[in-house]
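Protein chains in written order, with our numbering: chain R, 710 to 1187; chain E, 710 to 1187.
Right, dumping it as structure tokens:
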């Protein structure tokens, strides 16, 4: 059986689902539909499967998200394959090429399935059946296979795949005629009616050998820089960091533009099992099983006499009450709230731009800040003090550091900390505290097998994150 | 010059302005319009005044609000007169009668002005002029004077005062013909057109002697229980607690029903200076100076393409973004958010009832909990731990107490605390900490001249407020 290497593209940072999706923690890492995150669901979709053999998933992401990736996979019991760190986002063509080159080095016969990490595909069995159909085309003809979504509405927000013939209902791949750019509404209606235009899902299946040949043929300029970035990649705590200098020379371009629209050996597997790229809150509304009045709720929400509304309270502790509203999106978080007309869902980006312009941290940052060692959250910032909750993963350690302007009180509330203060090292457990005087060189570690949680109370005239001198850092930060 | 004794009724706990107004901290204590609270503005309106002599305001409130009352008056530099504590709310008739009886004991000639604490009257000079007109009627004829608001719309939500003649424009009091119940819309239109029907504001001016005579004549059953409640009242930390047993015997009835609708010597001072009882978010919208698109904002709010909307973010730290909404009320707080159609503003009570039914604390409680000694706020509740910010007023002390199930770490972040732990008493200042072991008898005081703020980290299996044994309490709590 041919093994399929899943390649999950996980570097995106969309703003259309603000305030839930932010640059610091974008939508693929959030449980938008159901209880797992979109990324976790994407990875789960690419395991098991009747008659399919999936290798451990390769993930392409950026440095900020790398620990989120490994934590989220661990949480659903999936061992990751290689995790490639893109030094900066260069769109899908360099990412797919890097994945292909990395796979080619160990298995030139490999078949790879490229999938975004932020789509919803509710019917996994149907998806696996489609993959099996694609695999036939890959093996029989060396096709570059795309997956085309059977449209159920005249959507103007997507590109289309024009097939050389109508799908015959067998599910088999159909040769592609050509790509169609996002249409106007009349064109979209005509395409919906004729039955041979499918939405371009951005999911691909091909042999490594075939896609490398296509890159050589259609995007030869990408080969040298991406090959150099892969060859000079550095292993770092289990991640593979592509070489930044080489990577910077790769063109920022999508795989559609660079390769797919030029290649001849393309075929499309028609897919009608349900799919959404959740590109707006309106799409989330649609995927959230709204009730008979069109109301979809998530979290502690009370809705009275509402119609056609998406009502979400994200923290679990904030009550959202909606009274007599219609065609409304309301997303509540403790630090930010969006209320938007349903038909303006596409314009949420504008709101984020406006917030950024006024300097609001909420435009891009969540209150919880993820770090290699765990995460922290500011609970309150007062005059000359700040209180944080700090969560340290088992075995993780913060950098050895000191501060010029603040003292810190640490109270362990869960697990055990190993604390270094100047020359002294000691274990501090639940309900014990440590004082870190201003200027003392200190480090916090979790030597245990369970998460360690502590409350940090900072006092001082200046409490910014940049008042830090790092002496040693296992995560190689400055 | 006749001295006027303001009597401010401050025991209400309206739910129509949820989530900002809650039972634990209702709308009169909130800066809904402008920078002072409605209660502070009410008290300020009843000081000074050209040709008027106001005594220190008497306040009627309940036990839960008594320290909020004194703190808020102190914050605007007003020395309170007597603060009478109603053991339970019995509507306005018993409250006004208690105030009259209390005043009669020291000054039988007193004139009293009864005013709600939660109305907006933007033009204080116009209000004072109206009071001066009322005083003439009180002195010349012993009238019970009400203030009637000249209507500017056919409002169906208020009772009306039908005058015996149209106001002549002089501002002088006009004899009342009769009270009119809340009308239907046609009747309201007719009353608006005829010019001799004014809104009943619930503001009254009369001599103590005259109102007592009116109670004797029209509500004699109230006299004995209320007199007993005043005579048996107990002084407690400067407050006057009406006797609960006697008070329980007083009928729960409004002064309109009990006295005003039956009395003959009523006159009405017409008032056209602008007034609102802020009985709904729609009324707040109207009083909040909406822009040309009808959008009124408060706090960190970003509005894009909105029309006719009230957009409020109450905490100062929560970004509220509104995109393309119309006829919408959105009120954001970190623990609760309301989105409501503007024309459903009158039904916010329904939402609060629904929240109460599902047991949500947000129905009635704010995250900040006010106590006699200051206030506290839960910053985070975790598995076996809780973090609080505690603010103690200068000179105040918490009870001497112990806990069965939790230990506490206290870190002072502002001011100085005097801390008792079992037999040891010591001063703890900014950036110092104290540990309170489980079972230790302890007390926290603020011996200083500035507020003391500390962070309390509790750990233990049970962290409820009811795990407390009180040994001594200056505020006489159980």
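C-beta: ideal position from N, C-alpha, C; glycine also. Every value quoted in this text rests on a predicted model; they were computed, and no experiment measured them.
For residue 888/E, write down the residues that DSSP places opposite it in a beta bridge. Residue 888/E is bridged by DSSP to 870/E.
Where residue 1160/E meets chain R, residues with beta-carbon distance less than 7 Å: Chain R residues near residue 1160/E: none, gap ~10 Å exceeds 7 Å.
Could you check how far apart the C-beta atoms of residue 1028/E and residue 1069/R are, in whole angstroms? I think they sit under 8 Å. Indeed, because the Cβ distance is near 5 Å, the residues count as touching under 8 Å.
DSSP three-state call for residue 1009/E: helix, strand or coil? DSSP places residue 1009/E in coil when its eight states are reduced to three.
Neighbouring residues, chain E, relative to residue 1092/R (Cβ below 9 Å): For residue 1092/R, the residues of chain E that pass the 9 Å Cβ criterion are 1122, 1123, 1162, in the order they occur in the chain.
Cβ of residue 1067/R less than 9 Å from any chain E Cβ? For residue 1067/R, the answer is yes, since a Cβ of chain E falls inside 9 Å of its Cβ.
Evaluate the contact criterion for the segment 1022-1037 of chain E versus the segment 962-976 of chain E: three or more CB pairs, one atom per stretch, below 8 Å. Not touching, per the Cβ criterion.
Chain-order list of residues whose beta-carbon lies under 6 Å from that of residue 1112/R (same chain, five-residue window excluded): Excluding positions up to five away in sequence, the list reads 1176.
Is there a Cβ from chain E that is less than 9 Å from the Cβ of residue 984/R? For residue 984/R, the answer is no, since every Cβ of chain E falls outside 9 Å of its Cβ.
CB contact below 9 Å: residue 1144/R versus chain E: Yes, residue 1144/R counts as interfacial toward chain E.
I'd like to know if residue 999/R contacts chain E, where contact means its C-beta is closer than 9 Å to some C-beta of that chain. Chain E contact via Cβ: absent.
Which residues in chain E sit within 7 Å of residue 1103/R, going by Cβ to Cβ distance? Simply none; closest approach about 16 Å.
Would you say residue 1043/R lies against chain E (beta-carbon separation less than 9 Å)? Judged by the 9 Å Cβ criterion, residue 1043/R is in contact with chain E.
Along the chain, which unbroken stretches of the beta strand (DSSP E) at least 3 residues long are found entirely within the segment 1105-1162 of chain R? Within the segment 1105-1162 of chain R, the complete beta strand (DSSP E) runs of at least 3 residues fall at 1109-1111, 1115-1123, 1125-1130, 1133-1138, 1142-1145, 1151-1154.
For chain R, is any of its Cβ atoms less than 9 Å away from the one on residue 1166/E? Yes, contact with chain R.
Quick check: is any heavy atom of the ligand ATP less than 8 Å from the C-beta of residue 1166/R? The model depicted lacks the ligand ATP and carries no ligand whatsoever.
Three or more C-beta pairs below 8 Å linking the segment 732-745 of chain E and the segment 1058-1077 of chain E: Between the segment 732-745 of chain E and the segment 1058-1077 of chain E, the count of C-beta pairs closer than 8 Å reaches three or more; the two stretches touch.
Name the one or two DSSP bridge partners that residue 1089/E has. In the DSSP output, where bridge partners are listed per residue, residue 1089/E has 1096/E.
Should residue 1103/E be labelled buried (16 or more other beta-carbon atoms within 10 Å of its own) or exposed? Around the beta carbon of residue 1103/E, fewer than 16 other beta carbons lie within 10 angstroms, which makes this residue exposed.
Provide the residue(s) that pair with residue 1039/E in DSSP beta bridges, ordered along the chain. Note: residue 1039/E is bridge-paired with 1020/E, 1048/E in the DSSP secondary-structure output.
Between which residues of its own chain and residue 862/E is the CB-CB distance below 8 Å, once the five residues before and five after are set aside? The beta carbon of residue 862/E sits closer than 8 Å to the beta carbons of 901 from its chain, once the five residues preceding and following it are set aside; these are given in chain order.
If you drop the 5 nearest sequence neighbours on each side, which residues of the same chain put their C-beta closer than 6 Å to that of residue 938/R? Answer for residue 938/R: 951, 952, 955, 956, listed in chain order.
I need the straight-line Cα distance from residue 1187/R to residue 1107/R, nearest angstrom please. Because residue 1187/R sits at a pLDDT of 49, beneath the cut-off of 50, its placement in the model cannot be relied upon, and the following sentence gives the value as read from the coordinates. Those two C-alpha atoms are separated by around 13 Å.
Residue-chain proximity (residue 1187/E, chain R), Cβ-Cβ < 9 Å: Note that residue 1187/E scores 49 on pLDDT, short of 50, meaning its location in the model is unreliable; the coordinates nonetheless yield the value given after this. Output row for residue 1187/E: interface = no.
If you pair each beta-carbon of the segment 835-842 of chain E with each one of the segment 891-907 of chain E, do three or more pairs fall below 8 Å? Result no; under three Cβ-Cβ pairs closer than 8 Å.
Of all the CB atoms in chain E, is at least one closer than 9 Å to the CB of residue 1140/R? For residue 1140/R, the answer is yes, since a Cβ of chain E falls inside 9 Å of its Cβ.
Test: residue 1022/E CB closer than 9 Å to a CB of chain R: Interface annotation, residue 1022/E: in contact with chain R, CB-CB separation under 9 Å.
Residues in the segment 1026-1039 of chain R with C-beta within 8 Å of chain E's C-beta atoms, listed in sequence order? Result list: 1026, 1027, 1028, 1029, 1030, 1031, 1032, 1033, 1034, 1035, 1037, 1039.
Do residue 1100/R and residue 1042/R have their CB atoms nearer than 9 Å? In this structure, residue 1042/R does not lie closer than 9 Å to residue 1100/R by Cβ.
Beta-bridge pairing of residue 985/R - partner residues as DSSP gives them: 829/R, per the DSSP bridge assignment.
To the nearest angstrom, how far is the alpha carbon of residue 1259/E from that of residue 1166/E? No answer is possible for residue 1259/E: the residues shown for chain E start at 710 and end at 1187.
Taking only three categories from DSSP, how would you classify residue 907/R? In the three-state scheme derived from DSSP, where H, G and I count as helix and E and B as strand, residue 907/R is classed as strand.
Per DSSP, what kind of secondary structure is residue 943/E in: helix, strand or coil? Secondary structure at residue 943/E: strand, using DSSP grouped into helix, strand and coil.
In terms of residues, what are the limits of the alpha helix (DSSP H) holding residue 753/E? First-last of the alpha helix (DSSP H) with residue 753/E: 747-754.
Measuring only the C-alpha atoms, how far is residue 886/R from residue 916/R? Rounded to whole angstroms, residue 886/R to residue 916/R spans 21 Å at the Cα level.
Taking only beta-carbon atoms, is residue 724/R less than 9 Å away from chain E? No, residue 724/R lies away from the interface with chain E (no Cβ there is under 9 Å from its Cβ).
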